[in-house]
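Have a look at the structure below before the remarks.
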Amino acid sequence: MTKTDYNLYPIKDSEPWPMFWDSYPIDISAAFGAKQPAGSHGFLQVRNGDFRFEDGTPGRFWGVNFNSGMNFPEHEYAEKTAQRLAALGVNLVRFHQMDAEWASPNIFQYNKGSRLVSTRTLDPVSMDRLDYLIYCLKEAGIYIYLDMLTYRKFKSADGVANAHLLPDAGKPYACYMPDMIELQKEYMRQVWTHYNPYTKLRYLDDPAIVMSEAANENDVFTQPLDLTLQPYADEWFRQYRAWAVANGLRGADADPRQRVFENRKEDELALLFKYEVMRRYYAELGEFQRGLGVRCPLTGDNWSRNLALSLAQTALDYNDTHVYWYNWGWREFRKTAHLESMLLSRQPYFDCAAHMRCLGRPFFVSEWDEPWPNPWRAESVIWSAAVGSFQGWAGWAIHTYMYTTRRDQNIVGKEMHTRMINNISYREGVFATWNDPAKVGLFPHAALITRRQDVSRAREVAELEITETTQLAVRPRSLPVLNNCLTEQHELGFTFAIEDDKLRLGETQAVEDGRSRRRVDLDAADFAGDDLRSDTGELYRDIEAGWGSVDTARTQAAYGFIGGRIVELSDLAIECATPFAVIAVSSLTAAPLSESDNILLTTVGRSENTDMEYALRPGLSDEEAAADEESGEPELLDSGQPPVIIEVIKAGIRIRTVQTRLLVRAVSPEGFWTGIVPSTYEDGWLSFRLGETARSLHYLIQAE
Numbered sequence: 059m060t061k062t063d064y065n066l067y068p069i070k071d072s073e074p075w076p077m078f079w080d081s082y083p084i085d086i087s088a089a090f091g092a093k094q095p096a097g098s099h100g101f102l103q104v105r106n107g108d109f110r111f112e113d114g115t116p117g118r119f120w121g122v123n124f125n126s127g128m129n130f131p132e133h134e135y136a137e138k139t140a141q142r143l144a145a146l147g148v149n150l151v152r153f154h155q156m157d158a159e160w161a162s163p164n165i166f167q168y169n170k171g172s173r174l175v176s177t178r179t180l181d182p183v184s185m186d187r188l189d190y191l192i193y194c195l196k197e198a199g200i201y202i203y204l205d206m207l208t209y210r211k212f213k214s215a216d217g218v219a220n221a222h223l224l225p226d227a228g229k230p231y232a233c234y235m236p237d238m239i240e241l242q243k244e245y246m247r248q249v250w251t252h253y254n255p256y257t258k259l260r261y262l263d264d265p266a267i268v269m270s271e272a273a274n275e276n277d278v279f280t281q282p283l284d285l286t287l288q289p290y291a292d293e294w295f296r297q298y299r300a301w302a303v304a305n306g307l308r309g310a311d312a313d314p315r316q317r318v319f320e321n322r323k324e325d326e327l328a329l330l331f332k333y334e335v336m337r338r339y340y341a342e343l344g345e346f347q348r349g350l351g352v353r354c355p356l357t358g359d360n361w362s363r364n365l366a367l368s369l370a371q372t373a374l375d376y377n378d379t380h381v382y383w384y385n386w387g388w389r390e391f392r393k394t395a396h397l398e399s400m401l402l403s404r405q406p407y408f409d410c411a412a413h414m415r416c417l418g419r420p421f422f423v424s425e426w427d428e429p430w431p432n433p434w435r436a437e438s439v440i441w442s443a444a445v446g447s448f449q450g451w452a453g454w455a456i457h458t459y460m461y462t463t464r465r466d467q468n469i470v471g472k473e474m475h476t477r478m479i480n481n482i483s484y485r486e487g488v489f490a491t492w493n494d495p496a497k498v499g500l501f502p503h504a505a506l507i508t509r510r511q512d513v514s515r516a517r518e519v520a521e522l523e524i525t526e527t528t529q530l531a532v533r534p535r536s537l538p539v540l541n542n543c544l545t546e547q548h549e550l551g552f553t554f555a556i557e558d559d560k561l562r563l564g565e566t567q568a569v570e571d572g573r574s575r576r577r578v579d580l581d582a583a584d585f586a587g588d589d590l591r592s593d594t595g596e597l598y599r600d601i602e603a604g605w606g607s608v609d610t611a612r613t614q615a616a617y618g619f620i621g622g623r624i625v626e627l628s629d630l631a632i633e634c635a636t637p638f639a640v641i642a643v644s645s646l647t648a649a650p651l652s653e654s655d656n657i658l659l660t661t662v663g664r665s666e667n668t669d670m671e672y673a674l675r676p677g678l679s680d681e682e683a684a685a686d687e688e689s690g691e692p693e694l695l696d697s698g699q700p701p702v703i704i705e706v707i708k709a710g711i712r713i714r715t716v717q718t719r720l721l722v723r724a725v726s727p728e729g730f731w732t733g734i735v736p737s738t739y740e741d742g743w744l745s746f747r748l749g750e751t752a753r754s755l756h757y758l759i760q761a762e
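Per the numbering used here, the sequence shown starts with residue 59, numbered consecutively.
In structure tokens, the structure reads:
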């Protein structure tokens with residue numbers, strides 16, 4: 059199935075599926091036990107390489123991001139959104155882009171109009187809204203991931219030299235300039251010591267806040283470093299000389315002007331110095347926050363650029379990363395769309411994520427997505443949750459739930475009326491998922507897999523050991539071992555054991571937990587053919603055919619191009635007629651599927667706005683198309699209009715069960731029973747057909 063195949067069979071049979079910001083038609087929160095406010099288990103801690111709360115409860119999170127203005131909603135909006143998220147099974151929200159001046163509101167300025175002269179004070183109206191949002195999320199059992207430096211636009215009045223020449227967040231100069239680091243500490247103090255009148259706690263005293271990062275996607279390995287810009291160049295050279303002296307370097311080795319600092323072209327000493335800059339930056343901010351009394355786990359950054367950056371994260375408590383299946387081709391007037399299925403790839407984003415995974419340390423994915431308008435995006439939700447649980451990762455937070463609290467537009471992929479936000483086109487809404495049936499519709503199953511740990515952890519750990527400083531420059535896709543879908547077969551991560559008497563390099567090792575371990579060569583390739591199966595037997599993927607499955611006691615699912623085939627799992631058999639579909643069943647009780655009297659069935663495939671329109675590079679001559687590097691990418695001509703529609707999934711379903719009096723009821727977008735799907739029970743199997751009557755996204759299969 060290729061990107062052009064999308065145009066070969068447009069959606070011919072569909073149902074409208076609008077979503078509402080203030081509620082969700084089903085509520086699975088009871089599946090996680092009695093309702094408790096977030097923080098009831100005590101503070102999150104790191105124990106034996108994993109997250110656990112003080113009372114021993116595992117820290118597992120299925121989360122979302124709130125971007126920019128969404129972090130400061132009206133009180134009623136906060137109340138209803140928290141309840142909606144809890145109904146979906148979401149138990150974590152990452153507060154992202156709070157400091158973005160381009161957003162409205164933001165943490166420094168509630169609304170536009172007055173000139174924002176300085177970023178050294180927090181806006182009281184914004185903080186009141188943030189406080190109440192935290193209170194509402196906490197009461198709903200939803201934890202907080204707190205970003206620090208993300209998009210803050212430093213000002214001259216902040217005391218920052220040439221501030222007008224710096225990008226958002228002062229990238230990358232904020233990682234090493236002493237005055238900018240002090241400003242970050244000031245901001246951290248303001249946030250952490252802020253008293254929330256609704257929770258009656260300072261932020262640092264609230265166990266509902268479980269994780270925090272120092273900086274978002276900001277490092278000296280990736281962001282352009284202008285060594286002609288003053289005083290930033292002089293300070294960089296000064297710090298290099300001091301580092302060289304401390305490490306006994308002499309002559310040309312101690313001369314920063316003899317180094318190659320250009321990103322991805324660094325010589326070895328430049329690479330090691332950059333590593334030291336990042337390690338020191340994280341350690342300094344971590345020590346400062348601990349001095350304030352912050353107790354939750356901390357991390358430095360959150361993306362994988364090379365192994366030096368991964369190793370630098372070990373200055374703090376856990377590793378984090380961001381992964382996307384996307385082409386980043388969304389422009390102001392030219393909206394090229396990535397229409398490839400990840401299921402057909404030998405390079406899904408899981409192995410890339412593992413590049414940031416250090417064994418023996420907790421790991422979280424704070425941004426991920428296979429965004430609209432990719433028609434196959436529904437494939438990613440359950441698949442990601444399953445692989446994450448198999449790997450033992452702490453969880454996922456999709457980027458993003460919403461950018462704004464505006465309710466004007468109820469179509470997928472378009473939150474804003476403008477084509478760009480702060481010169482970034484995809485911020486108009488490409489990543490918003492709150493009303494996307496292909497994403498949010500599968501959250502309940504993903505949450506159950508992640509939080510309830512329906513998918514078992516891998517039996518074998520594949521260890522990638524780094525022993526040479528030259529290996530620290532390695533980037534994710536340059537390693538053959540990270541292009542072989544190993545994360546779908548065994549647990550995967552790095553350990554570091556670099557011996558160097560002069561340089562202060564970190565060392566990590568896996569936790570001994572009784573599972574088998576083996577070291578895998580970094581150049582190893584061809585671990586499997588097209589059929590991939592986890593060492594637990596619970597996960598499967600056929601790369602050539604483009605489909606996969608999850609087969610556990612309480613959740614079973616098939617996803618991808620399953621049309622025309624019979625899928626047989628332990629307690630679920632599917633004969634699907636729709637070419638692309640995700641069909642998932644989860645027990646909503648502690649009992650396995652075969653015994654449960656309350657089962658959620660979700661069927662979704664392609665979903666789009668009414669009258670959406672694609673074209674393959676319109677308006678170009680053959681010569682222009684041949685010269686255009688994006689000529690193979692379809693272009694979205696029209697985002698469409700309400701309502702959002704879902705393709706009707708037509709399939710025969712059989713569920714093995716001891717329950718003899720189950721009814722299959724379809725649920726409407728408003729939460730009403732649409733109707734009963736006719737079913738039969740014979741020889742221990744409940745059988746029915748979907749797509750003929752009472753057609754829906756969600757079905758509840760319950761004992762009458």
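Cβ atoms here follow ideal geometry from the backbone N, Cα and C, with glycine treated the same way. Just so it is clear, the structure is predicted and the values come from calculations on it, not from any experiment.
Rounded to whole angstroms, Glu-425 and Arg-612 show a C-alpha spacing of 27 Å. Per DSSP, the unbroken alpha helix (DSSP H) holding Thr-139 starts and ends at 133 to 146. Taking 7 Å as the cut-off, the Cβ atoms of Asn-377 and Arg-322 do not count as close. If you compare the alpha carbons of Pro-131, Ala-615, Arg-173 with that of Phe-153, the shortest gap goes to Pro-131. Across the set Ser-536, Glu-159, Gln-347, the C-alpha of Gln-347 shows the shortest separation from the C-alpha of Asp-375.
Contact annotation, Ile-711 with Gly-663: C-beta distance approximately 15 Å; criterion of less than 8 Å not satisfied. In the three-state reduction of the DSSP assignment, Pro-431 falls in the coil class, being assigned neither a helical nor a strand state. Gly-100 sits away from Phe-109, with the two beta carbons spaced by 7 Å or more. For Trp-430, same chain residues with a beta-carbon under 7 Å away, outside a window of 5 residues either side, are Val-470, Gly-471, Val-488, Asp-494 in chain order. In the structure shown, Thr-379 adopts extended strand secondary structure according to DSSP, grouped into three states.
Using a Cβ-Cβ distance cut-off of 8 Å, the region 172 to 181 and the region 440 to 456 are not in contact, since fewer than three pairs of beta carbons, one from each stretch, lie closer than that value. For Met-336, the uninterrupted alpha helix (DSSP H) run begins and ends at 326 to 350, by DSSP.
Taking 7 Å as the cut-off, the Cβ atoms of Ala-724 and Ala-761 do not count as close. In this structure, Ala-366 and Leu-530 form a Cβ contact; the two beta carbons are roughly 4 Å apart against a cut-off of 8 Å. Excluding the 5 residues flanking it on each side, Arg-435 has same chain C-beta neighbours closer than 7 Å at Glu-428, Pro-429, Ala-496, Lys-497, in chain order.
If the five residues before and after Ala-232 are omitted, its C-beta is found closer than 6 Å to the C-beta atoms of Met-238, all from its own chain and listed in chain order.
As the crow flies, the alpha-carbon of Phe-552 is around 33 Å from that of Tyr-484.
No Cβ-Cβ contact shorter than 7 Å links Val-439 with Thr-545. Trp-388 counts as buried, since at least 16 other C-beta atoms from the protein chains shown sit within 10 angstroms of its C-beta. Annotation for Leu-695: Glu-671, Ala-673 place their beta carbon closer than 6 Å to its own, counting only its chain and skipping 5 residues before and after. According to DSSP, Ile-165 shares a beta bridge with no other residue. Note: Trp-361 is not bridge-paired with any residue in the DSSP secondary-structure output. Look at Lys-196 here: in three-state DSSP terms it is helix.
A direct Cα-to-Cα measurement between Leu-146 and Gly-107 gives close to 29 Å. The Cβ atoms of Pro-502 and Ile-86 sit closer than 7 Å to each other. Within a 10 Å sphere around the beta-carbon of Trp-731 sit fewer than 16 other beta-carbons, which makes this residue exposed. When DSSP states are grouped into helix, strand and coil, Gln-297 belongs to the helix group. By the Cβ-count criterion, Glu-486 is buried, with 16 or more other Cβ atoms from all chains shown falling within 10 Å of its own Cβ. Taking every protein chain shown into account, the CB of Trp-383 has 16 or more other CB atoms within 10 angstroms, so this residue is buried. In the displayed model, Val-519 falls within a strand according to three-state DSSP. Separation of Ile-657 and Val-608 (C-alpha to C-alpha, rounded to the nearest whole angstrom) is 16 Å. Relative to the Cα of Tyr-739, the nearest Cα in the group Ala-504, Glu-326, Ser-214, Gln-717 belongs to Gln-717. Cβ contact annotation for Val-249 (same chain, cutoff 7 Å, sequence separation greater than five): Tyr-261, in chain order. Cα atoms of Pro-95 and Asp-629: separation of roughly 35 Å, rounded to the nearest angstrom.
With contact defined as three or more Cβ pairs closer than 8 Å, the region 185 to 196 and the region 209 to 220 are not in contact.
Distance from the CA atom of Asp-216 to the CA atom of Glu-159, rounded to whole angstroms, is 14 Å.
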